[in-house]
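There are 6 protein chains.
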Amino acid sequence: MSEHAVSRFGHVELDDMPDDLRERIGAIAEKSGFVPNVFRALARRPAELRAFLDYHDALVEKAPDDRGGLSKAERELVVVATSGANHCTYCVVAHGAILRVRMKDPEIADKVASNPWGAQLSPRERAIVDLALLIATDSAQLTDAELDDARMAGLSEDEIWDVGAITALFAMSNRLAHLTALRPNPEFFLMGRLPR
Amino acid sequence: MSEHAVSRFGHVELDDMPDDLRERIGAIAEKSGFVPNVFRALARRPAELRAFLDYHDALVEKAPDDRGGLSKAERELVVVATSGANHCTYCVVAHGAILRVRMKDPEIADKVASNPWGAQLSPRERAIVDLALLIATDSAQLTDAELDDARMAGLSEDEIWDVGAITALFAMSNRLAHLTALRPNPEFFLMGRLPR
Amino acid sequence: MSEHAVSRFGHVELDDMPDDLRERIGAIAEKSGFVPNVFRALARRPAELRAFLDYHDALVEKAPDDRGGLSKAERELVVVATSGANHCTYCVVAHGAILRVRMKDPEIADKVASNPWGAQLSPRERAIVDLALLIATDSAQLTDAELDDARMAGLSEDEIWDVGAITALFAMSNRLAHLTALRPNPEFFLMGRLPR
Amino acid sequence: MSEHAVSRFGHVELDDMPDDLRERIGAIAEKSGFVPNVFRALARRPAELRAFLDYHDALVEKAPDDRGGLSKAERELVVVATSGANHCTYCVVAHGAILRVRMKDPEIADKVASNPWGAQLSPRERAIVDLALLIATDSAQLTDAELDDARMAGLSEDEIWDVGAITALFAMSNRLAHLTALRPNPEFFLMGRLPR
Amino acid sequence: MSEHAVSRFGHVELDDMPDDLRERIGAIAEKSGFVPNVFRALARRPAELRAFLDYHDALVEKAPDDRGGLSKAERELVVVATSGANHCTYCVVAHGAILRVRMKDPEIADKVASNPWGAQLSPRERAIVDLALLIATDSAQLTDAELDDARMAGLSEDEIWDVGAITALFAMSNRLAHLTALRPNPEFFLMGRLPR
Amino acid sequence: MSEHAVSRFGHVELDDMPDDLRERIGAIAEKSGFVPNVFRALARRPAELRAFLDYHDALVEKAPDDRGGLSKAERELVVVATSGANHCTYCVVAHGAILRVRMKDPEIADKVASNPWGAQLSPRERAIVDLALLIATDSAQLTDAELDDARMAGLSEDEIWDVGAITALFAMSNRLAHLTALRPNPEFFLMGRLPR
């Protein structure tokens with residue numbers, strides 16, 4: 002397999018995107034300092050990219066609200082654990098970077114991505130990751146018993162939904178990254194690894 | 002596990018949905034004769050449901066266009082094959098109904114859902130389903146070799162993207178259905194089974 | 002793979018079977034209204050078909066007796082659950098039809114076949130199906146602990162034997178159906194789906 | 002788990018069996034010098050044991066006939082390979098003994114049972130074992146391509162049926178042995194290991 | 002695959018080994034009556050063979066000492082159980098022979114190798130084998146919970162280390178045997194099977 | 002699980018090791034700037050640690066010689082790919098650091114560890130990694146056919162042995178790291194990521 006600049010299916014540069022996407026992704030790029038490759042690759046299909054962004058914002062960017070809900074760091078923990086289990090390089094590298102930043106821990110992403118089953122976590126984090134891993138790898142076997150385990154560890158109904166829905170969203174994202182042989186931007190590899 | 006009317010997390014009736022969703026899902030309900038349970042269950046989170054609908058419309062409802070692309074029946078074939086491999090009852094029953102209608106074949110859905118690897122299909126359909134199954138069950142192993150197999154069977158780049166992206170979308174949908182213990186509407190079971 | 006009328010290895014029509022088989026299968030056909038394809042395919046080897054019929058009658062057709070035992074509907078539940086786990090189209094379709102009839106439930110077969118692990122069942126049915134699934138998919142791991150679980154759910158020794166032996170019989174039947182690419186008779190697909 | 006004399010469900014001695022079974026199994030015992038435990042365990046259910054014996058005789062004891070067919074040694078090779086893959090101690094030990102005798106090779110059974118995928122075999126034997134292993138472990142994935150491989154290695158249609166049907170029969174037998182925690186008779190362990 | 006005398010990569014006879022290895026393996030051969038093939042095959046790389054022998058002596062030949070530790074028979078039990086799970090013919094046959102001798106039980110090795118999950122063992126032996134099997138087949142999932150199970154069954158910290166380290170050593174040995182298609186010496190097959 | 006400083010079984014500081022180990026590991030520490038935790042954890046058992054070091058030196062530290070052989074970077078590639086497949090955090094982090102240094106590529110380790118099957122590599126590297134992955138995850142299925150694939154890609158017999166033996170050694174190391182819940186030294190995480 003030859004190395005692709007961005008993806009197996011080519012990519013669209015920011016300037017060539019439809020106005021709404023150029024504006025929306027431009028804002029992300031301004032904040033990150035670069036355009037994450039996932040957007041350049043998915044822009045081949047603008048309607049799909051819009052839905053992807055909407056889904057992502059609704060689930061991963063959402064801060065906890067009055068009804069509680071996972072913290073932003075916990076949301077990234079779900080992403081890195083399940084992307085590790087699914088062997089998705091792009092998501093492990095890109096969201097691993099975000100997890101390091103959000104947890105202010107330069108080691109957590111490598112530990113969770115390489116062995117999400119065994120990584121040493123707090124009991125609440127372990128309950129979150131265990132539920133996510135079951136849904137990522139064998140969701141047909143999810144029964145009330147596993148949800149009760151999560152409730153016993155203190156997760157609310159909305160938090161359980163968050164864990165399940167984020168896992169489901171990245172079941173999709175991981176497969177899109179594998180479909181496109183998506184290459185992580187070089188910037189992600191070092192993010193959050195150096196003391197600030 | 003007790004039997005739920007719609008989902009493990011309750012549901013929202015059409016009349017209680019936000020205006021845009023009530024209108025959009027109302028239109029679907031009018032066409033089908035009933036409100037598919039997936040919408041009643043996901044309406045607990047309107048922003049997520051909107052993204053879900055957008056993604057679904059962009060990938061599954063899209064007709065082939067100038068650049069070719071999968072037929073609507075082929076799109077449902079991908080859904081039923083991968084939902085069968087993922088053991089997702091809701092998607093097998095609901096999209097199995099649509100597949101029967103679109104293929105005008107009362108047997109195809111049961112055959113594809115119960116054994117997507119062995120179901121007797123045309124060479125083009127078999128290439129579509131084989132690619133979908135690999136991405137559904139072990140996408141980390143997807144390499145250029147498998148894409149070349151699909152190209153040899155006549156699939157265009159856009160058709161390969163369609164197969165992969167629909168498979169990815171239902172990797173998500175199947176997990177959402179398992180998360181919510183989503184119950185298929187009774188109407189789906191018989192749709193497309195009787196001569197019209 | 003081209004579509005076969007009945008099986009990959011051809012078939013024998015009722016009139017061409019040895020007298021005893023013609024009589025025995027004729028009686029079944031009279032009751033069903035058609036000759037189930039499994040008998041036409043296995044008739045290629047009369048001695049094997051006779052043993053198959055005898056085994057089937059001893060295990061699946063047997064009504065509960067003085068010592069208790071599984072009900073006829075429960076026996077079909079074991080067949081559909083394990084055939085679903087084994088991805089056997091013929092057995093899912095044919096015994097799914099019988100299960101619908103015996104349970105007077107038009108939805109049960111599709112639910113159990115597509116996801117036998119997660120289908121919502123009574124505690125007794127769940128214990129039956131869980132034991133059957135373990136024996137179907139990983140019987141080397143069966144220990145006294147799992148049998149004790151079944152006993153705790155109220156299954157007698159004879160009922161445990163029934164579950165295990167029916168599962169074992171369909172481990173064989175499922176493989177014979179896959180060997181012969183056995184095609185379900187069209188009549189099975191609709192049986193038990195319409196109110197009578 | 003405590004050690005059982007014969008089986009987890011007890012057993013029936015030869016003298017306590019119905020006349021036809023006592024006669025039939027008595028004849029086997031006379032030839033072997035002992036009553037194989039499988040018959041003592043299955044005699045709890047005479048009708049099932051009769052069908053089991055009939056099936057076994059039709060498939061495993063059958064000599065090649067005018068239409069060709071597997072040799073008796075090849076039939077045992079299928080049994081030992083698939084029982085090894087299924088981790089069935091009784092069948093590995095008992096049929097391993099018969100395989101040693103039939104192949105006049107004191108090492109073959111241990112090699113095939115411990116690693117049926119890698120055991121060094123003739124090309125015809127390898128084709129037989131490869132087909133058997135696929136049907137034993139993942140029969141839903143059997144397609145015309147694998148049957149063509151078997152044909153290319155010289156197997157006739159009847160020989161392919163033999164391989165598949167014997168594999169299917171021992172998919173059942175292995176599960177019955179696991180259900181009953183069936184203990185091999187001590188005599189089997191040494192049979193065929195010493196030069197005669 | 003053609004049959005090799007010793008290994009796929011040839012072998013080195015005792016007389017052609019470096020002095021230290023000739024002496025060390027000569028001593029083993031004197032005791033056994035033959036040169037175990039593993040040494041003839043690995044002697045292709047003397048430095049690796051020396052490390053292999055050292056590791057083996059440190060873990061498998063070590064007798065229990067003041068701090069307790071596994072008995073020599075228990076060490077072989079770990080080897081045979083995990084080599085069975087790994088389908089390693091050489092280790093099953095060679096260490097099966099040693100296990101029979103050390104346990105003075107002509108049946109134990111065949112039972113443990115063919116089905117290490119279900120073999121009937123004492124509670125202490127079962128705890129040892131269960132821990133070994135988890136480490137052999139899925140060590141990333143080992144958590145404190147499984148170690149606590151082993152402690153509850155009475156294993157000391159040093160005994161747990163022994164189980165884990167012997168399992169790890171044979172994870173290596175099994176793969177070396179598969180790499181080299183290592184053939185068991187004929188003498189192993191009968192060792193420990195006959196009353197002395 | 003609480004976080005351990007080094008390992009679940011405690012550790013031995015350099016000063017408390019036997020003289021030969023203190024000297025040998027001291028030399029490594031001097032070069033690295035720290036004592037890799039694997040040595041502090043394994044020093045609990047000096048004889049085992051000596052054999053571990055010898056094996057490691059013989060296989061991983063060896064430079065290519067007159068007979069060819071893998072480069073040092075290729076040896077680390079085998080380690081990172083198989084440790085990634087085995088989900089071993091310590092080996093992924095520690096040997097990932099060495100791989101980055103040896104390949105002078107700050108991205109290679111994360112790519113290979115997260116998805117060794119799909120990482121974009123040269124044809125020679127891909128052949129090395131494919132062989133290593135098969136031996137790591139399912140070595141019983143290794144046949145002459147896979148070795149021929151490696152030979153076709155240009156690997157010599159000695160290089161094939163290197164790939165297999167290094168994979169085997171890390172099948173052991175990965176399991177020792179999981180047994181001890183071995184924690185990577187903080188220094189490894191950043192090594193080789195910054196331009197020098």
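Chains as they are written, first to last, in the numbering used here: chain A, 2 to 197; chain B, 2 to 197; chain C, 2 to 197; chain D, 2 to 197; chain E, 2 to 197; chain F, 2 to 197.
Where a beta carbon is used, it is the ideal one built from N, C-alpha and C, also for glycine.
Residue i classed as buried or exposed, judged by whether at least 16 other C-beta atoms fall within 10 angstroms
| i | result |
| --- | --- |
| K32 of chain E | exposed |
| G11 of chain C | exposed |
| L195 of chain D | exposed |
| I29 of chain B | exposed |
| D131 of chain B | buried |
| V14 of chain C | A small correction: the amino acid at residue 14 of chain C is Glu; Val does not occupy that position in the sequence shown. Exposed, by the Cβ-count rule. |
| S8 of chain E | buried |
| A6 of chain D | exposed |
| R24 of chain D | Here residue 24 of chain D turns out to be Glu, not Arg, going by the sequence shown. E24 of chain D should be labelled exposed. |
| V108 of chain D | Before going on, a small fix: residue 108 of chain D reads as Glu here, not Val. It is buried - the Cβ of E108 of chain D has at least 16 other Cβ atoms within 10 Å. |
| L71 of chain B | buried |
| F35 of chain F | exposed |
| N175 of chain F | buried |
8 Å contact criterion, which residue i and residue j should meet: CB distance rounded
| i | j | result |
| --- | --- | --- |
| L22 of chain E | R51 of chain E | 7 Å |
| W118 of chain D | Q121 of chain F | Not really, about 30 Å apart at Cβ, beyond 8 Å. |
| I129 of chain E | E62 of chain E | That pair is no contact at about 18 Å. |
For residue j and residue i, the rounded distance between their alpha carbons
| i | j | result |
| --- | --- | --- |
| R152 of chain C | D139 of chain C | 20 Å |
| R125 of chain B | A178 of chain E | 43 Å |
| V94 of chain A | A42 of chain E | 42 Å |
| E200 of chain C | D55 of chain D | Residue 200 of chain C is absent from the structure shown; chain C starts at 2 and stops at 197. |
| L134 of chain F | T83 of chain F | 6 Å |
| V39 of chain B | V80 of chain B | 15 Å |
| D1 of chain C | D17 of chain C | For chain C, the structure presents residues 2 to 197; residue 1 of chain C sits outside this window and is missing. |
| D58 of chain A | A98 of chain F | 34 Å |
| S3 of chain D | A137 of chain C | Because S3 of chain D carries a pLDDT of 46, less than 50, the predicted location of this residue cannot be relied on, and the following value inherits that uncertainty. Computed Cα separation, rounded: 24 Å. |
| G193 of chain E | Y91 of chain F | 41 Å |
| F190 of chain B | L78 of chain B | 17 Å |
| A166 of chain A | L148 of chain A | 14 Å |
| V102 of chain A | I26 of chain F | 35 Å |
| A146 of chain F | A154 of chain D | 16 Å |
| K112 of chain F | D163 of chain F | 22 Å |
| D20 of chain F | H96 of chain D | 56 Å |
| E188 of chain D | S123 of chain D | 29 Å |
| L60 of chain F | A110 of chain F | 20 Å |
| S115 of chain A | L180 of chain F | 16 Å |
| R1 of chain A | D150 of chain A | Examination of residue 1 of chain A is not possible in this model, given that chain A is present from 2 through 197 alone. |
- Query: Where in the stretch 98-158 of chain A do unbroken runs of the alpha helix (DSSP H), each at least 4 residues long, occur, reported from the N-terminal end onward?
  - Reply: 109-115, 124-139, 145-153
- Message: I want to know whether the stretch 177-187 of chain A touches the stretch 148-162 of chain A - three or more CB-CB distances under 8 Å.
- Response: no
- Could you tell me whether the stretch 163-176 of chain E touches the stretch 80-97 of chain E, using the rule of 3 or more Cβ pairs below 8 Å? yes
- Please list the segments of the alpha helix (DSSP H) lying wholly inside the stretch 17-78 of chain F, counting only runs of 4 or more residues, in order along the chain. 20-33, 38-43, 47-57
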